[in-house]
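> Residue numbers (the numbering used here): -17 to 266.
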């Protein structure tokens, strides 16, 4: 029996109903989870319209083309367009609005608003069953572009702010120094090469004093705290994103796939690829 929808999922469904759109969420940093690592928006990483899903799960070539567009090409566009929303049209002829959402200066979420077609659009695929599904896509002229992108951006900024507030309230109860340490880890875990000297500089302390302080306040070393946060984010990305192991290693600050796999296997006694496959089998 599936788990009941989370509070955030229910809010997102309400927003979709009001805006008459479907929202797909790519969690670039693995932030959409609770304190125990449970996903807050499970299943939201795949485009739900039947035409979008057509042959995606049964044909590897189709799946790779979808991945190249929704991950590789869109991410390349985001890097050049900065934080500005934009329209995209995939190889299947599906139009969507892409809304990048940033947190603490990092690209945290990519939101796809859609899926649409325009009146003059024709199905680019040669199969009759695909064409029939293409015609079920709602027609939109993008007259609502700014309204949609602004509302979606504000909604997800609110989600991230809420999660940060929940985290901060827990940290405040632990004391100011511990709050500073854990907040620093949370904000910087995706940075490859992050060192305790970076935290020491933030706290205006020596590196040796900072190392002792982290253990005193948190009961674990700086490296242990950092690894815990990175592994939680990696688990989230393995469950929600169709990223390669190399890309997940990069997104979570591990740097290389080999190092990431070694740390993951040591902690969970299973490789990242096997963990992903096992969870997907369980979900079927």
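Where a beta carbon is used, it is the ideal one built from N, C-alpha and C, also for glycine.
#1: What do you get for residue 213, buried or exposed, if any count of 16 or more other CB atoms within 10 angstroms of its CB means buried?
#2: Grab me the residues of residue 211's own chain with a C-beta within less than 8 angstroms of its C-beta, minus the 5 sequence neighbours each way, in chain order.
#3: Taking the alpha-carbon of residue 112 as reference, which of 76, 141, 123 and 131 has the nearest alpha-carbon?
#4: Just to confirm my understanding: we take residue 196, look at its own chain, exclude 5 residues before and 5 after, and list those with CB closer than 8 angstroms. What are they?
#5: Can you tell me where the beta strand (DSSP E) with residue 91 in it begins and where it stops?
#6: Using 10 angstroms around the beta-carbon of residue 40, count the other beta-carbons present and answer buried if the total reaches 16, otherwise exposed.
#7: Report the three-state DSSP secondary structure of residue 84 (helix, strand or coil).
#8: Taking the alpha-carbon of residue 120 as reference, which of 33, -4 and 234 has the nearest alpha-carbon?
#9: Is the Cβ-Cβ distance between residue 67 and residue 131 less than 8 angstroms?
#10: So if DSSP puts residue 21 in a beta bridge, which residue, or which two residues, is it bridged to?
#11: Is residue 223 buried or exposed, if buried means 16 or more other CB atoms sit within 10 Å of its CB?
#12: So within the segment 205 to 238, which uninterrupted alpha helix (DSSP H) runs reach at least 4 residues, ignoring any that extend past its ends?
#13: Mapping the DSSP letters down to three states, classify residue 68 as helix, strand or coil.
#14: Cβ atoms of residue 221 and residue 21: under 8 angstroms apart, would you say?
#15: Can you grab the Cα-Cα spacing for the pair residue 192 / residue 88, in whole Å?
#16: Thinking just about the alpha-carbon of each residue, which of 70, -2 and 176 is nearest to the one in residue 100?
#17: Where residue 174 and residue 117 are concerned, what is the direct C-alpha to C-alpha distance, given to the nearest angstrom?
#18: Leaving out five residues on either side along the sequence, give the residues of the same chain with a beta carbon under 7 angstroms from the beta carbon of residue 36.
#19: Considering only the beta carbon of each residue, do residue 217 and residue 19 sit closer than 8 angstroms?
#20: Where residue 59 and residue 52 are concerned, what is the direct C-alpha to C-alpha distance, given to the nearest angstrom?
#21: Suppose the cutoff is 6 angstroms on Cβ atoms and the five residues either side in sequence are ignored; what does the same chain contact list for residue 239 look like?
#22: Measuring CB to CB, does residue 243 end up less than 8 angstroms from residue 256?
#23: Hey, residue 133 and residue 1 are a contact pair by Cβ (cut 8 angstroms); roughly how many whole angstroms apart?
#24: Which of the three DSSP states, helix, strand or coil, is assigned to residue 176?
#25: Since residue 186 is in the alpha helix (DSSP H), which residue starts that stretch and which ends it?
Judging by the given coordinates:
#1: buried
#2: 167, 168 and 171
#3: 76
#4: 163, 178, 181, 202, 203, 204 and 207
#5: 88 to 98
#6: exposed
#7: strand
#8: 33
#9: yes
#10: 15
#11: buried
#12: 227 to 233
#13: strand
#14: yes
#15: 25 angstroms
#16: 70
#17: 45 angstroms
#18: 112 and 115
#19: yes
#20: 10 angstroms
#21: 227, 228 and 231
#22: no
#23: 7 angstroms
#24: coil
#25: Neither: residue 186 is in no alpha helix (DSSP H) and is coded neither H nor E.
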